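Worksheet for the structure shown next.
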Amino acid sequence: MMTALAIGKIDPEILGKFLLRYTRKDERVIIGAGIGEDAAVIDMGHILLVAKTDPITHVTSEIGRYAVHINANDIAAMGGTPLWYLATILMPKGSKAEDVGLIFSQLSQTCEEIGVVYCGGHTEVTNSVNSPVVIGQMLGEVSRENLKPSSAAEEGDDLIMTKTAALEATAIIALEKEEELMKHFPHELINRARRYLHEPGLSILKEARLLAGMAGIHAFHDPTEGGIATGVFEMAEASGLGAQVYDERIPITEETRALCVHFGINPLGAFASGSLLIAVSPRDSDRAIEVLASANLPATRIGKMVERREGVKLLKEGEVLPLPVFHQDELSKLFG
Numbered sequence: 014m015m016t017a018l019a020i021g022k023i024d025p026e027i028l029g030k031f032l033l034r035y036t037r038k039d040e041r042v043i044i045g046a047g048i049g050e051d052a053a054v055i056d057m058g059h060i061l062l063v064a065k066t067d068p069i070t071h072v073t074s075e076i077g078r079y080a081v082h083i084n085a086n087d088i089a090a091m092g093g094t095p096l097w098y099l100a101t102i103l104m105p106k107g108s109k110a111e112d113v114g115l116i117f118s119q120l121s122q123t124c125e126e127i128g129v130v131y132c133g134g135h136t137e138v139t140n141s142v143n144s145p146v147v148i149g150q151m152l153g154e155v156s157r158e159n160l161k162p163s164s165a166a167e168e169g170d171d172l173i174m175t176k177t178a179a180l181e182a183t184a185i186i187a188l189e190k191e192e193e194l195m196k197h198f199p200h201e202l203i204n205r206a207r208r209y210l211h212e213p214g215l216s217i218l219k220e221a222r223l224l225a226g227m228a229g230i231h232a233f234h235d236p237t238e239g240g241i242a243t244g245v246f247e248m249a250e251a252s253g254l255g256a257q258v259y260d261e262r263i264p265i266t267e268e269t270r271a272l273c274v275h276f277g278i279n280p281l282g283a284f285a286s287g288s289l290l291i292a293v294s295p296r297d298s299d300r301a302i303e304v305l306a307s308a309n310l311p312a313t314r315i316g317k318m319v320e321r322r323e324g325v326k327l328l329k330e331g332e333v334l335p336l337p338v339f340h341q342d343e344l345s346k347l348f349g
């Protein structure tokens, strides 16, 4: 009997076999389907086209905003500029025109905020979903010299992350579990967590633009489902390397820690959009952190890339442990 797949990302060993068997590259596909890569890159002549598609299935009240940022981030994480957005919107039976209009409004407003043109898609009501699903597709451009795929990290690179762990997860919990949280936490803490959607926000466009052309920056990666820990694993896997991560260096806010402890969630394995992982030469890492700090973007050196044979490890309280990989995001404990 075949085993049912768990909810969440498909195990990379299984997914890798499907990608190897069913996807292909040609002379114009510079970066195609692969574990850990944020987007496909296609040669269009003097400029490269960056293409990404990603769904939002886990949140409802701000689904349009999430759907734009998640896709735009993957373009930026290749060193590119997001330019054109399309969305397939699937609505459950019983949806009203106002429900659809709200999502359209969120998509349009968010695209305008980041300089993207919302230019097409598909919308329908279907029995196949129980809550709204938005599947976005973002197209963008990148110059050859600014291309920063996850697979370009080098042995010895410092590993930097911007902002803090589980930003996206913190906002989702505060938005969707507010009634329960009000029984246990001050209103001010919940409000701060809710605002993570806007401040510091889920976009990584600013930091990616600041660093894309900088010497010594080898690779970016946009950690999303499965959190910072899974993002590090994906970058290592894509680059054919190992990684060492220092647990005590990973920044976690008071709000994130409080909500994750309350629900029994590991913040290293929870939705992490809003943070950018950066592999950078050690001689240039201080400069990268300074550039980000000058733009009020906190960044922390959390580890380094090492030989593949050393594996992907977490250094915690004097112990060297396997870095946990969360194929099923920790928020599935709350939302299934």
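Just so you know, we're using the working numbering here: the sequence shown kicks off at 14 and counts up by one.
All residues carry an ideal CB built from backbone N, CA and C; glycine is no exception.
Quantities reported herein were computed from a predicted structural model and do not represent experimental measurements.
Taking C-beta atoms under 8 Å as the contact rule, Ala232 and Pro295 fail to qualify, at a distance of about 14 Å. Leu33 is classed as exposed because its beta carbon has fewer than 16 other beta carbons within 10 Å across all chains shown. For the pair Ile302 and Leu224, the Cα-to-Cα distance works out to about 10 Å. In the displayed model, Ala285 falls within coil according to three-state DSSP, outside both helix and strand. Residue state for Ala306 is assigned as helix, using DSSP reduced to three classes. If you draw a straight line from the Cα of Ala249 to the Cα of Ser108, it comes to about 43 Å. When the beta-carbon positions are compared, Pro337 and Leu290 stay at least 8 Å from each other. CA-CA distance, Ile60 to Leu305, rounds to 27 Å.
Annotated three-state conformation of Asp260 is helix, per DSSP. DSSP places Asp171 in the uninterrupted beta strand (DSSP E) bounded by Asp171 to Thr175. Fewer than three Cβ pairs drawn from the stretch 191–198 and the stretch 318–329 lie within less than 8 Å of each other, which leaves the two stretches out of contact.
Around Gly277, the same chain offers Lys346 as residues with beta carbons nearer than 8 Å, after the five sequence neighbours per side are excluded. For His82, the enclosing alpha helix (DSSP H) begins and ends at Ile76 to Ala89.
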